[in-house]
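**Q**
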Amino acid sequence: MSKHDNTAAVKIENLSFHYGDRYVLERINFEIPNGAFMGLVGPNGSGKSTLIKCILGLLKPQSGKVSFFGIPLNRFKKWEEIGYVSQKANSFNTAFPATVYEVVSMGLFGKVGLFRFLNHKHKQKILEAIETVGMTNYVHRNIGELSGGQQQRVFIARALVSDPKLLILDEPTVGVDAASVSNFYQMLKSLNEEKGLTLLLVTHDVGVMSDYVTHVACLNKQLHFHGNTKEFKEVSKDGFSQMYGHHVHVLEHHH
Amino acid sequence: MSFPFFHYEFLQNAFLTGIMIGLLAPVLGVFIVVRRQSLIADALSHITLAGIAANLMLGRSSSFFQGLNPLYMGMVFSVGGAIGIEQLRKVYKHYEELAIPIIMSAGIGLSVIFISLANGFNTDLFNYLFGSVLAVKKSDVWTVFFILLLVFAFVLFLYKELFVLSFDEEQAAVSGIKGKWIQFLFIIMVALVIASSMKIVGILLVSALMTLPVAASLRIANGFKQTFVLSVIFGETAVILGLISSYYLNLAPGGTIVMISVLILLLSLAWKKWRVRKPILNE
Ligand SMILES: Nc1ncnc2c1ncn2[C@@H]1O[C@H](COP(=O)(O)OP(=O)(O)O)[C@@H](O)[C@H]1O
Ligand SMILES: [Mg+2]
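Chains as they are written, first to last, in UniProt numbering: chain A, 1 to 255; chain B, 1 to 283.
1) Using CA atoms only, rank isn't needed, just tell me which of B:I40, B:A208 and B:Y247 is closest to L263 of chain B.
2) Measure how close the beta-carbons of A118 of chain B and A53 of chain B come, nearest whole angstrom, since I'm counting them as under 8 Å.
3) Which value, in whole angstroms, describes the spacing of the CA atoms of M20 of chain B and S147 of chain A?
4) Which residues share a DSSP beta bridge with E31 of chain A?
5) Select from B:Y8, B:F157 and B:G80 the residue whose C-alpha is nearest the C-alpha of A50 of chain B.
6) Distance, Cα to Cα, H4 of chain A vs L167 of chain A?
7) So V206 of chain B packs on I194 of chain B, CB below 8 Å; how close in whole Å?
8) Go through the region 38-125 of chain B residue by residue and report every complete run of the alpha helix (DSSP H) that reaches 4 residues or more, in order.
9) Quick one: is V190 of chain B buried, meaning 16 or more other Cβ sit within 10 Å of its Cβ, or exposed?
10) Sort A:T7, A:N44 and A:G45 by Cα distance to N34 of chain A and report the nearest one.
11) Tell me the rounded alpha-carbon separation between L251 of chain A and G42 of chain A.
12) Alpha carbons only, please: which of A:L197, A:E145 and A:A178 is nearest the one belonging to G82 of chain A?
13) Which residue comes first and which comes last in the alpha helix (DSSP H) that contains A157 of chain A?
14) Can you tell me the Cα-Cα spacing of A216 of chain B and L160 of chain A, whole angstroms?
15) When the Cβ atoms of the region 13-27 of chain A are set against those of the region 60-68 of chain A, are three or more pairs found closer than 8 Å?
16) Kindly identify the DSSP beta-bridge partner or partners of M38 of chain A.
17) Hey, is D170 of chain A close to ligand 2, as in C-beta under 8 Å from one of its heavy atoms?
18) Give the straight-line distance between the Cα atoms of I147 of chain B and F96 of chain A, rounded to the nearest whole angstrom.
19) For a test of the three-state rule: what should DSSP assign to D170 of chain A, helix, strand or coil?
20) One question on the structure: do H215 of chain A and T229 of chain A come within less than 9 Å of each other, judged by their Cβ atoms?
21) How is N250 of chain B classed by DSSP in three states: helix, strand or coil?
22) When the Cβ atoms of the region 99-113 of chain B are set against those of the region 32-47 of chain B, are three or more pairs found closer than 8 Å?
23) Tell me whether S197 of chain B is buried or exposed, calling it buried when 16 or more other Cβ atoms sit within 10 Å of its Cβ.
24) Taking 9 Å as the CB-CB cut-off, is G196 of chain A touching chain B?
25) With respect to the beta strand (DSSP E) encompassing L223 of chain A, which residues constitute its N-terminal and C-terminal limits?
26) Hey, out of A:R158, A:V154 and A:K195, whose CA is closest to F37 of chain A's CA?
27) Would you kindly report the start and end of the unbroken beta strand (DSSP E) that includes Y8 of chain B?
28) Between which residues of its own chain and D124 of chain B is the CB-CB distance below 7 Å, once the five residues before and five after are set aside?
29) Contact defined as beta carbons within less than 8 Å: I believe A252 of chain B pairs with F65 of chain B. What is the distance between those atoms, to the nearest angstrom?
30) Taking Cβ positions only, does T227 of chain B come closer than 9 Å to chain A?
31) Starting from I177 of chain B, find everything on chain A with Cβ-Cβ shorter than 7 Å and list it in chain order.
32) If you draw a straight line from the C-alpha of E96 of chain B to the C-alpha of I28 of chain A, how long is it?
33) Does DSSP classify I82 of chain A as helix, strand or coil?
34) On the three-state DSSP scale, how would you describe S197 of chain B?
35) Check whether the Cβ of V206 of chain A lies closer than 8 Å to any heavy atom of ligand 2, and answer yes or no.
As structure tokens, this is what we get:
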């Protein structure tokens, strides 16, 4: 595997964030080991999206440090190594005139650079990414004409097309029907196992997720648990409320 | 073919300018419409009117302004308005669309004051409001040509960035694309194109040429590139047919161009309906 093997894909040290005088994140310390499939869970409003945006530099935390593969955020330049599917990806303008191919091509724009055009190799890459998520039959369809689950796959392809080492997904299964959800998780799992992609999956749905991920972190303003899935399942027998503090809505998962 | 169009210099000027505008307006219009900022064109055209009225007013007392093509003053105001809109959008972060009525009413207010100071309406002003083929000068042709080159280079080299910024600003930021200055350049380009479309279609109708062809192509195009190409085809068709028929039927060119755009839009709606009703067999 890569030379980064023993540096964490993401390392967060003592990160705090507040809107005005309202704290949303308090002293978060957190690491995603290289090659992990980490599930970040927490109830609505627990600060998951805020944490992701701080990690990506979209929001500036008032204190704390973030680094990718050992490089501090402010000096990090290789953005093509990081794929991001935002929570907003499921509330985009569905009337936007863009084909699946065009949406996925956007994932390469940063890598290709200013004043340059996509070449044949890039076009090949775009088609490959579309194939990886199983959307080859829809290449020239408008994104707005697809189902929620299919759109989500297209956004994953957009995030994958630049060959990232780390993929961050913020609640990707909202609005996706239950049958597609487990398919979707299965696809993520194989990306993790076969391609060695490090994954950070944000969700408020604890049940289904824990069958697929290798690591779990529980967030509610503070980090309440952080470890591998086996440890998580041990602890969660005693109930989630301990890990979240309070106000928890646990989703049952039946086999 | 003997076409009277090409015998008269003023018609040549109008035709050349029209063809360039038929390309420029929809090219920028596509980005404006998909960002749901269609009204920006209206706001900027009204502030451009203020610039033109200011020039006409100043021309009454100063020979310098009298000799100046009012188009330039229009452009100065339009670019100023564009910068104003960008600033106001920062101030009203959560009410971004407020910037448009603010700039628009400022434009109308200023126009009315300048027009009254210039002692009211004259033919010049009327031409700017509704467009006039007779009013297009050689210097206008060159100005629009220069803007055409500028916008062409801008859209060609920043197409990727403009596309991703219109679709998803967050994604653009995460890919390391610096959206702020591209957005700034974009709105300046829009301001320039609006000012230069003025003589042909007129202030009150400029925004129609930016949005109607796009509205028509949105109904039937598949994907962004197609929307782009169809918008330009529709825009050109409207301008060329509009100029020719307004000449032969002795109609106002601006109005004719816009009504042909409306007709194209209606046809595209009808075509879409017809397509949808047809059963799709191969799926
Ligand atoms: N722009 C904002 N201004 C003020 N508060 C905000 C803003 N965005 C989010 N918040 C608050 O921050 C908290 C965390 O939000 P978020 O990170 O979106 O939670 P989650 O993704 O876990 O549902 C919420 O209580 C929310 O109300
Ligand atoms: Mg969230």
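Glycine included, each C-beta is placed from N, C-alpha and C at the ideal position. Values in this document were obtained by computation on a predicted structure and should not be read as measured data.
**A** Let's see:
1) B:A208
2) 6 Å
3) 40 Å
4) Bridge partners of E31 of chain A: A:K11.
5) B:G80
6) Residue placement at H4 of chain A is poorly supported in this model, since its pLDDT is 45, which falls under 50; the coordinates still yield a value, given next. Each residue's alpha carbon lies about 16 Å from the other.
7) 5 Å
8) 39-59, 63-67, 70-91 and 99-117
9) buried
10) A:T7
11) Residue confidence is low: L251 of chain A scores 44 on pLDDT, short of 50, so the model does not pin down where it sits. Its coordinate-derived value is still stated next. Spanning the two alpha carbons is a distance of roughly 12 Å.
12) In the sequence under discussion, the amino acid at residue 82 of chain A is Ile, which differs from the Gly named in the question. Taking only the C-alpha atoms, the option nearest I82 of chain A is A:L197.
13) From DSSP, the alpha helix (DSSP H) with A157 of chain A extends over G148 to L160.
14) 34 Å
15) yes
16) A:L200 and A:H215
17) The answer is yes for D170 of chain A.
18) 28 Å
19) strand
20) yes
21) coil
22) yes
23) buried
24) no
25) Q222 to N228
26) A:K195
27) Here Y8 of chain B belongs to no beta strand (DSSP E), and DSSP marks it neither H nor E.
28) L56.
29) Not quite, the Cβ-Cβ distance comes to about 27 Å (not below 8 Å), so this is no contact.
30) Yes - at least one Cβ of chain A is within 9 Å of the one on T227 of chain B.
31) Residues of chain A with a Cβ closer than 7 Å to the Cβ of I177 of chain B are, in chain order, F109 and G110.
32) 33 Å
33) strand
34) helix
35) no
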